[in-house]
Each structure stands twice: as C-alpha cells, then as structure tokens.
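Anchor point for the sequence shown: position 156 equals 156 in full-length UniProt numbering, and the numbering is continuous, going up by one each time. Glycine included, every Cβ here is placed at the ideal spot set by N, Cα and C. Here the structure is a predicted model, which is why all the values come from computation and not from measurement. I have placed the structure first, in the form of structure tokens, so that the comments after it can refer back to it.
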Amino acid sequence: MATSPAKYTFPKIFKRLVNQKDNKIRHFIELRESRAYRQQKGNVLVQGTESDIKYPALQAIQNPDAFRANNLYLVDVDLTRRILGTASRPGRHELFAEVKIPDQPLPSKENIDRLLVFDHVNDPGNLGTLVRTAKGLGWSAGVTTTGTCDMYNDKTIRSSRALSLRWPFKLVDIKELVSFLRSYDMTPVVADMMPEVGSEASGDLWSPVEGGISSKQSRTTKANPTGNVGLGSGLWFWNFRGKTQEVPKRVALILSSEHKGVQGLDDELRVSIPMAGGVESLNVASAGSMLMYEFNRLLAVTDKRQ
Numbered sequence: 001m002a003t004s005p006a007k008y009t010f011p012k013i014f015k016r017l018v019n020q021k022d023n024k025i026r027h028f029i030e031l032r033e034s035r036a037y038r039q040q041k042g043n044v045l046v047q048g049t050e051s052d053i054k055y056p057a058l059q060a061i062q063n064p065d066a067f068r069a070n071n072l073y074l075v076d077v078d079l080t081r082r083i084l085g086t087a088s089r090p091g092r093h094e095l096f097a098e099v100k101i102p103d104q105p106l107p108s109k110e111n112i113d114r115l116l117v118f119d120h121v122n123d124p125g126n127l128g129t130l131v132r133t134a135k136g137l138g139w140s141a142g143v144t145t146t147g148t149c150d151m152y153n154d155k156t157i158r159s160s161r162a163l164s165l166r167w168p169f170k171l172v173d174i175k176e177l178v179s180f181l182r183s184y185d186m187t188p189v190v191a192d193m194m195p196e197v198g199s200e201a202s203g204d205l206w207s208p209v210e211g212g213i214s215s216k217q218s219r220t221t222k223a224n225p226t227g228n229v230g231l232g233s234g235l236w237f238w239n240f241r242g243k244t245q246e247v248p249k250r251v252a253l254i255l256s257s258e259h260k261g262v263q264g265l266d267d268e269l270r271v272s273i274p275m276a277g278g279v280e281s282l283n284v285a286s287a288g289s290m291l292m293y294e295f296n297r298l299l300a301v302t303d304k305r306q
C-alpha cells in the first residue's frame, strides 16, 4: 500500500508567507515597484547572494545562522516571481533580502580624481551596466541629476550585480551641476555626437592621439572623401571656446540619453567617439564604457609625461 511522502518540517525560525494579500508580501512588492516607497522606508530589495552557492535557499534553511537577518520567511517560487518580477527569473532555490539603503557620501575632492555623471539616463539596465563598468575601471564615485532613473531600481541593482548599493553618488539638480563639479575642481566633459565636418562646431576638433588629424588639416582625401575621422583614432574633443587644447587632468564625464542628449551645458567641453558612416549613435552604456576606458588610458599617458 502506497503511503504519502513525509512532509519536511522547516525550522520554526522561518515564517511561511502564502498569500499575495499578506502585508509583508505587499510591502516587498511595493519596495520593488515604487521609488517613493523605497525612499520613505529607506530599504530596498536585493536578489541573490554574493557567493556561488548552488542551492542558496536550501543552504539558508539548513544553516539559518549563516545568513544574518532579523526575520526569515519562506515563499514558493510563484510568489517569489510576483515579488521580484518575472524579469528577475527567480529559481526554486532563490534568495532575496530587504536591506537598508546605504548612506554613501561622496569622497572628499582630495580622495577622488574623476567622476561619472548621469544626466537623464532613464534606462535602469544601462544605468546598472555603467555603474558596474565604472567600478571595474576605477571610476569609484559619481553624480546623478534629478532626471535620471533610480539607482535602487530593481533592474539597476540586477544589471549592476548589486554594485549600485556600494557606489557612492550624489543627486544634484541639473541647474547646479556645473557649479557642483567646479567645487570638486573637476572639468565637465560632455559626451556628444561628433559635429558635422565643415560645421562651426567642428572648427576646434582636436585629438590627443599622436598622428591624429588636427582640425587645421584637411580631413577630406581621395581615400576619405566624406571627411569622416578614421576609426581607431581615439577620442576627439571640441568646444574648447578659446581654452588650451589638452586632456583635462580631473574629468567629470557627463553621459546622457542618446535620444535627448545633454541639455543646458552648451559652454562645456565635448568629447566624441569617431564612428563609421551610417550609424546614428551608440547605446549610452556602450559609449560610456569606451569613454571611461579611453580616459583611463589618456590620463595614464599624461601622468607619465609629467
């Protein structure tokens, strides 16, 4: 005679949540969905663990003391998907936690030599990718304007691998951005599209790469009838407005949505990536990653020459 399988008895330290209407479930969902609610509570949801545990939830059940938490809950995978959102693709051994939003003040200007600035970067996936890349390339802090999406959006956290929780940044109104950057002795450098050849803006195009084509030379040849800057020629700077053509020693790189571009910073130095014809623009995460890497290289070269 067949017998029903024995039910596993979970440790009493865990409380099972079974209904989406439960106040705690509604609280978790609101934390994920609402920026205002996150700010009000001062907390955020984080998915996963930092270590490569094959079955994290099972490990947590077997060794609850190893996972520091004030309260421990059990939910099934369907309810987990509702809490974390289907895009999170939670598994059957998923872990998630409610953690405090950390207080991350910017380092003093003596302890920072470059800043990454986000202006109207509205895609949380791009924002998280850029934070992760910035961390990896040594851009250890940044600034966001009031038009940028939330650094603690669930997609931002997921795409940054939770590094947005450990990347100091300051929220600054766009009207105060330049004065704030100047207070840190930073030179604002706006990422922008390369100006059209022959336009007024292209008059002071300059590349720090040795052998690059200067703005005083003709950039239209038989081999290059369109006058496009050759690929692989490094970064190009423009909009110097009479200032010395050189790579700034303390850079505040300003990135914006490729759709809108940076608004209200017409007097600031521009930097562009040369591209082949037929491409309108690059994704902001792709462009920002290349710009950070190139600035690292250029600033390292400048330091060696001094």
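Rounded straight-line distance, which links the Cα of residue j to that of residue i
i           : j      : result
ASP185      : PRO248 : 11 Å
GLY230      : VAL271 : Residue confidence is low: GLY230 scores 49 on pLDDT, short of 50, so the model does not pin down where it sits. Its coordinate-derived value is still stated next. Rounded to the nearest angstrom, the two C-alpha atoms are 16 Å apart.
ARG114      : SER108 : 12 Å
PRO64       : ARG26  : 24 Å
SER199      : LEU205 : 11 Å
GLY42       : ARG81  : 23 Å
residue 341 : ASN19  : What is shown of the chain runs 1 to 306, which leaves residue 341 out entirely.
ARG158      : GLN59  : 22 Å
CYS149      : THR9   : 43 Å
LYS15       : ASN71  : 8 Å
VAL279      : ILE273 : 12 Å
LEU17       : TYR73  : 7 Å
ALA69       : ARG297 : 43 Å
GLU294      : PHE28  : 41 Å
PHE183      : SER256 : Checking the sequence, you will find Ser at residue 183 rather than Phe. Approximately 22 Å between the Cα atoms of the pair.
VAL209      : LYS100 : 46 Å
PRO168      : GLY91  : 31 Å
ALA300      : ALA66  : 43 Å
SER218      : GLY203 : Low confidence applies here, because SER218 scores a pLDDT of 36, under 50, leaving its location unreliable and the question unanswered by this model.
GLU268      : ARG38  : 35 Å
PHE118      : ASN153 : 15 Å
LEU282      : ALA36  : 31 Å
Identified DSSP bridge partners for residue i
i      : result
ALA191 : VAL271
PHE169 : GLY142
VAL117 : VAL143 and ILE254
LYS15  : TYR73
Helix, strand or coil at residue i [DSSP, three-state]
i      : result
PHE295 : helix
LYS175 : helix
Identify every run of the beta strand (DSSP E) within the stretch 227-289, keeping only runs that are complete inside it and at least 3 residues long; order them along the chain.
236-238, 251-256 and 269-272
My parser needs the alpha helix (DSSP H) runs of 4 or more residues fully inside the stretch 28-102; what are they?
Counting only runs of 4 or more, we get 35-41, 56-62 and 77-84.
Specify whether the stretch 142-152 and the stretch 165-174 touch according to this definition: at least 3 beta carbon pairs, one from each stretch, less than 8 Å apart.
yes
Answer yes if the stretch 127-136 comes into contact with the stretch 278-296, meaning at least three C-beta pairs across the two stretches below 8 Å, and no otherwise.
yes
Quick one: any contact between the stretch 70-83 and the stretch 179-194, if contact means 3 or more CB pairs under 8 Å?
no
The stretch 191-202 touching the stretch 157-171, judged by at least three CB pairs closer than 8 Å
no
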